Amino acid sequence: MPTADFQGSSAPFASTGRSFLSLRRDHAADPMDAHHRHHIDAGEQRELDAFQHQVADLFHDLAGGGDEILSISWVRRLLDTFLVCQEEFRVILFGHRRPPALMDRLVSDFFERAVKALDVCNAVRDGVDQLRQWRKHLEIVIVALGPHNRELGEGQLRRAKKALGDLVILMLDEKDSGSVLSQRNRSFGRHSGSSSSSSGGRRSHFRSLSWSVSRSWSASRQLQAIGNNIAAPRGHEVVETAGLAVPVFTMNLVLLFVMWALVAAIPCQDRGLQIHFSVPRSYLWAASITSLHERIVEESKKKDRKNSIGLLKEIHQIEKCVHHLIDLIDTVQVPMAEEKEVEVRQGVQELAQVCEAMKEGLDPLERLVREVFLRIVRSRTEGLDCLNGVE
Amino acid sequence: MEGNQPRFPHKSSSFTASRDEKHHEIDRNLSLGSLKLEQYGKRETHGVDTIEEEETEEKPIAGNAEETQASFFIISEDIDLFLTVLLSLEEDGRYENREPPDIPEPTVERFVTLLEKEIGRYESGEAKWCSDNDEFPLLDAIGRVSKLTAAVTRFSSDTKYNQAMNRAGGVLHHAMCFLEDEFHSLLQDPRAKQDAGNSSLKAKRQPSFSLNHEPDRRVRPSSESTSAESRPPYPPETVERLHGIADAMISAGYDIECCQLFAIARHNAFEAGLPSLGFDKVSIEDVLKMAWESLESEIATWIKAFRHTITASFAAERDLCEAVFAGRPNVSDRLFRRFASDATVQLITFAEAVAMTKRAAEKLFKVLDIYEALSDVMPAVDALLPEGAEQDESSIIADPKEEIASVRCRLGEAAVGIFCDLESSIKADSSKTPVPGGAVHPLTRYVTNYLKYACEYKNTLEQVFKEHKHSEKTSSNAEDGEAAGGGGNDRNGSNGEGHNPFAAQLMEAMNLLHSNLESKSRLYKDQALCNIFLMNNGRYIAKKVKGSPEIHQLLGQTWYRKQSSELRQYHKNYQRETWSRVLACLRDDGLQAKGSVAKPVLKERFKSFNAMIEETHKAQSSWVVSDEQLQSELRVSVSAVVVPAYRSFLGRFSQYLDPGRQTEKYIKFGPDDLENLIDELFDGNPSSTGSKRRP
Chain A
1 MPTADFQGSS
11 APFASTGRSF
21 LSLRRDHAAD
31 PMDAHHRHHI
41 DAGEQRELDA
51 FQHQVADLFH
61 DLAGGGDEIL
71 SISWVRRLLD
81 TFLVCQEEFR
91 VILFGHRRPP
101 ALMDRLVSDF
111 FERAVKALDV
121 CNAVRDGVDQ
131 LRQWRKHLEI
141 VIVALGPHNR
151 ELGEGQLRRA
161 KKALGDLVIL
171 MLDEKDSGSV
181 LSQRNRSFGR
191 HSGSSSSSSG
201 GRRSHFRSLS
211 WSVSRSWSAS
221 RQLQAIGNNI
231 AAPRGHEVVE
241 TAGLAVPVFT
251 MNLVLLFVMW
261 ALVAAIPCQD
271 RGLQIHFSVP
281 RSYLWAASIT
291 SLHERIVEES
301 KKKDRKNSIG
311 LLKEIHQIEK
321 CVHHLIDLID
331 TVQVPMAEEK
341 EVEVRQGVQE
351 LAQVCEAMKE
361 GLDPLERLVR
371 EVFLRIVRSR
381 TEGLDCLNGV
391 E
Chain B
1 MEGNQPRFPH
11 KSSSFTASRD
21 EKHHEIDRNL
31 SLGSLKLEQY
41 GKRETHGVDT
51 IEEEETEEKP
61 IAGNAEETQA
71 SFFIISEDID
81 LFLTVLLSLE
91 EDGRYENREP
101 PDIPEPTVER
111 FVTLLEKEIG
121 RYESGEAKWC
131 SDNDEFPLLD
141 AIGRVSKLTA
151 AVTRFSSDTK
161 YNQAMNRAGG
171 VLHHAMCFLE
181 DEFHSLLQDP
191 RAKQDAGNSS
201 LKAKRQPSFS
211 LNHEPDRRVR
221 PSSESTSAES
231 RPPYPPETVE
241 RLHGIADAMI
251 SAGYDIECCQ
261 LFAIARHNAF
271 EAGLPSLGFD
281 KVSIEDVLKM
291 AWESLESEIA
301 TWIKAFRHTI
311 TASFAAERDL
321 CEAVFAGRPN
331 VSDRLFRRFA
341 SDATVQLITF
351 AEAVAMTKRA
361 AEKLFKVLDI
371 YEALSDVMPA
381 VDALLPEGAE
391 QDESSIIADP
401 KEEIASVRCR
411 LGEAAVGIFC
421 DLESSIKADS
431 SKTPVPGGAV
441 HPLTRYVTNY
451 LKYACEYKNT
461 LEQVFKEHKH
471 SEKTSSNAED
481 GEAAGGGGND
491 RNGSNGEGHN
501 PFAAQLMEAM
511 NLLHSNLESK
521 SRLYKDQALC
531 NIFLMNNGRY
541 IAKKVKGSPE
551 IHQLLGQTWY
561 RKQSSELRQY
571 HKNYQRETWS
581 RVLACLRDDG
591 LQAKGSVAKP
601 VLKERFKSFN
611 AMIEETHKAQ
621 SSWVVSDEQL
631 QSELRVSVSA
641 VVVPAYRSFL
651 GRFSQYLDPG
661 RQTEKYIKFG
671 PDDLENLIDE
681 LFDGNPSSTG
691 SKRRP
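Going line by line, the protein sequences match chains A and B.
Heads up: the first sequence begins at 1 in the UniProt record's numbering, then just goes up one per residue.
Heads up: the second sequence begins at 1 in the UniProt record's numbering, then just goes up one per residue.
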């Protein structure tokens, strides 16, 4: 019956008779190939080594480079790093003579992890959009108290205060916003007098319900799924795969780390940073990537960051600026004393700087997240084509 | 509620009757915009005096609605006058070096207090700001306090002005918060929810393409009930109020708040409406894991939700944006684009995920359905989002057109991949068991039906292959396929488009099927049965092709003629294989020696004729020709050759057998019996031999 045959073409990688990369080998058509199956060609070995060096260099730069860790520009470099690694990995995968079937399992395993990363990309994209919404509230503050307003009046102060209060509520993680909200609302009640009754409903005004992923989706669980069963290849596996198990393992970890760091930095549905992350010291890039991991974990444990919606540097700056300004405005009486005004102006100036950084950085960041998404899709499709094209 | 509510007149003009002459005059002056300042200077003081008098004389109490109303309007007039003065100062550029006029503090204070009180009444629930009569003056007053605040801020270095700025600015902010709440709650209008609940578009599950039974007509969801007419999300009164509020907020400089509120409320409404369209958000991983049967129905639902969103919801949303932000095309355009972009991104992920699912033949049609849906909405999207609109800071927002095009491209590639996989599937079918009775092989059924259904998507597939086949390194047969496609291309000449990669691919599949069947036919040891098998399968294919104008057109007349002539050849081969031996028994030569009939030879002839007939009947009545026409053609052609020959043979030679026992022994069949036996061939019924024999 043809039924069986058709199903055959849609079977998972591992169960198909043909191995991944078979196409490539067919083209290479090396009659000696069978004899050299386990032999690692010197040129290929150089290529594999170069990949290890490259990954190590990239992460070394990330760990040491000029950008502050977890800043928008750092996250952008993180994504750039991923794109470079992914591209090199692709070249190795498709350019290498095919080792035995063990590779199929390893590679299909990688693509399964990569698919999970796609949902992380979408969730992060939402998160970036959320940051963009926050920026609108910062803009209100800047419009109200910015330098082009020569005189800071009562109305502008209240307007700014309300925008700041709205922002604080938005910046609370949705799941714990309920509890903190009642207290917050009291201090940000937009009007001391008549309208306190309606401020309870405030939080919904600017809260976007939009998430690309389903409601039950959890970034934390997704990360754990990506990290599941990543193990450094054993000696015989390296030999049996003509060394290719090493770049696959490398890419698994790069993928895991990059997705984890993204989720750490950017607001996401059900964030959580508990993953098992360990790299044998022998890998060239182990030190850099482990140190980055440790530094981010450390950051997440800091008292003032523990409950943050995202570890992005700019979020922290916003939090600091916003709370500082709120405290300032709370003590202000109109007409303002000159030194108070200077202080407020300065606070707004700081806020404007973060706002500018976000304005400059968020759009490219979102484009990069999208690029990572598309690149994963494309390389996965390439893999499937390889499998299905020849049967 | 109406009783204790101040009854502000509808329009200020309707109030003129109760005004005194003086204000009336100023009114006109104002509207003419040619105010003489010197003249005004006197009046101003006079006006303020009047009000101060009023205030001392009769303090407006909250209960005294008419009084409040009256004084509120007088105060408004005075504020307007004051504003005019300040404005003209500004226009003259004189305020730089000139002392501002005295500020009418009590007027300002009374004005803002009244406004504040009024808002307070709405906020506390004491009164409801909704009756049409009241609406205009409130927004009007808010507009006035906004102008007032801006105007006095210019002179804020003056202590009194500074105080006024703080006072008016505070009330303005209060008013803005009130409007924000109103705006928000109006946007949560119940009609939206109600609407969504009613128009549940949850699609019925569509029958899937199945291999087991032969769906003879596939019902294509072409005439989807895309109710392009979507009810506007809010009743006109609400839209009118939203417009009023938006106008007041934006005029007061609260545009960011207003736009954010609107954008988020509308986006949330869209999100909330998705389930009522039957669409639940799923992550990519979920889609990839989903069983095909479930995914298939999800796809059908998604297509409806998508079409509905783009054709109906988008249009309604654009109208809404234009109505609420009337007179501000930049704002409404930006908000609509943002909505369209967010909505598209939300929806398109699903299609993106489907394009990523593992390829399988049966998925082709759903993939093409989505592809068509994406193609179909493009004109609507183009019309709704014309190019060249100014892009502001939010230029990042994904362009729905690009998003759709990109996913469409991936679906196209997936469709090409799936269709090309058919080749490998045909090649891979190498089952070694012949189908009993030479009947139509399941592979033939499957491939032919599959191609026939695929050709119902002919136009789409042609487009898909033209646009997305670029990098296909599908197979070594690509060139052969193209060459073969040339045969079918004759009808393409009229279209003026030379190369048709889809037709070529189709031809390639047909050729592969043909050669596969030929090799399968060799599994039959009996050459006659081998030809019956080829005839059966060839006939099946030809009939399906003839029944489908699309596939017929794609394969072309040349292919069809070739197929027909092959069928005739199989028929001839069969006749020769089976019946030429039988007919040989009925030939004259060898029977007559020296002018007389050699009886033993004759007996032998009859014996072997009878044996062959019995043997053939026994074997071939179990063969299968399920196509009735073919079955009857075969029988008729056999009868036409065999029966007359037998009849004539009997006529010439039966006399040589002794009547009685001998005749009975050697002439087992009459011509009619023979015809009946032939009519029992190809029944696929092996047990018929004994039972139906001779009456």
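The beta carbon of each residue, even a glycine, is placed where N, CA and C say it ideally should be.
This structure is a prediction, so every number in the text was calculated from the model and none was measured.
DSSP bridge partner residues for residue i (one or two, in chain order)
| i | result |
| --- | --- |
| residue 624 of chain B | B:683 |
| residue 597 of chain B | B:592 |
Cutoff 7 Å; reference residue i; Cβ partners in own chain excluding five residues on either side
| i | result |
| --- | --- |
| residue 646 of chain B | 586, 671, 674 |
| residue 161 of chain B | 100, 103, 152, 155 |
| residue 413 of chain B | 468 |
Sequence-distant residues of its chain with Cβ nearer than 8 Å to residue i (five each side left out)
| i | result |
| --- | --- |
| residue 637 of chain B | 571, 575 |
| residue 284 of chain A | 52, 53, 55, 56 |
| residue 627 of chain B | 536, 539, 540, 543 |
| residue 137 of chain A | 163, 164, 166, 167, 170, 206 |
Span separating the alpha-carbon of residue i from that of residue j
| i | j | result |
| --- | --- | --- |
| residue 639 of chain B | residue 678 of chain B | 7 Å |
| residue 168 of chain B | residue 335 of chain A | 14 Å |
| residue 455 of chain B | residue 648 of chain B | 52 Å |
| residue 499 of chain B | residue 420 of chain B | 17 Å |
| residue 590 of chain B | residue 606 of chain B | 14 Å |
| residue 82 of chain A | residue 250 of chain A | 11 Å |
| residue 247 of chain B | residue 305 of chain A | 41 Å |
| residue 461 of chain B | residue 468 of chain B | 10 Å |
| residue 237 of chain B | residue 347 of chain A | 43 Å |
| residue 278 of chain A | residue 259 of chain B | 47 Å |
| residue 565 of chain B | residue 248 of chain A | 57 Å |
| residue 72 of chain A | residue 124 of chain A | 13 Å |
| residue 76 of chain B | residue 219 of chain A | 57 Å |
| residue 271 of chain B | residue 374 of chain B | 20 Å |
| residue 616 of chain B | residue 504 of chain B | 42 Å |
| residue 297 of chain B | residue 308 of chain B | 17 Å |
| residue 458 of chain B | residue 323 of chain B | 43 Å |
Buried or exposed (CB count within 10 angstroms, at least 16 for buried), residue i
| i | result |
| --- | --- |
| residue 53 of chain A | exposed |
| residue 144 of chain A | buried |
| residue 235 of chain A | exposed |
| residue 339 of chain A | exposed |
| residue 122 of chain A | buried |
| residue 702 of chain B | Residue 702 of chain B is absent from the model: chain B starts at 1 and stops at 695. |
| residue 307 of chain A | exposed |
C-beta neighbour in chain A for residue i, strict 8 Å
| i | result |
| --- | --- |
| residue 153 of chain B | yes |
| residue 149 of chain B | yes |
| residue 282 of chain B | yes |
| residue 238 of chain B | no |
| residue 286 of chain B | yes |
| residue 404 of chain B | no |
Proximity test, Cβ basis, 8 Å: residue i and chain B
| i | result |
| --- | --- |
| residue 111 of chain A | no |
| residue 344 of chain A | no |
| residue 72 of chain A | no |
| residue 372 of chain A | no |
| residue 208 of chain A | yes |
| residue 140 of chain A | yes |
| residue 156 of chain A | yes |
| residue 330 of chain A | no |
Contact with chain E by residue i, beta-carbon distance below 8 Å
| i | result |
| --- | --- |
| residue 170 of chain B | As a matter of chain content, chain E is missing from the structure shown, whose protein chains are A and B. |
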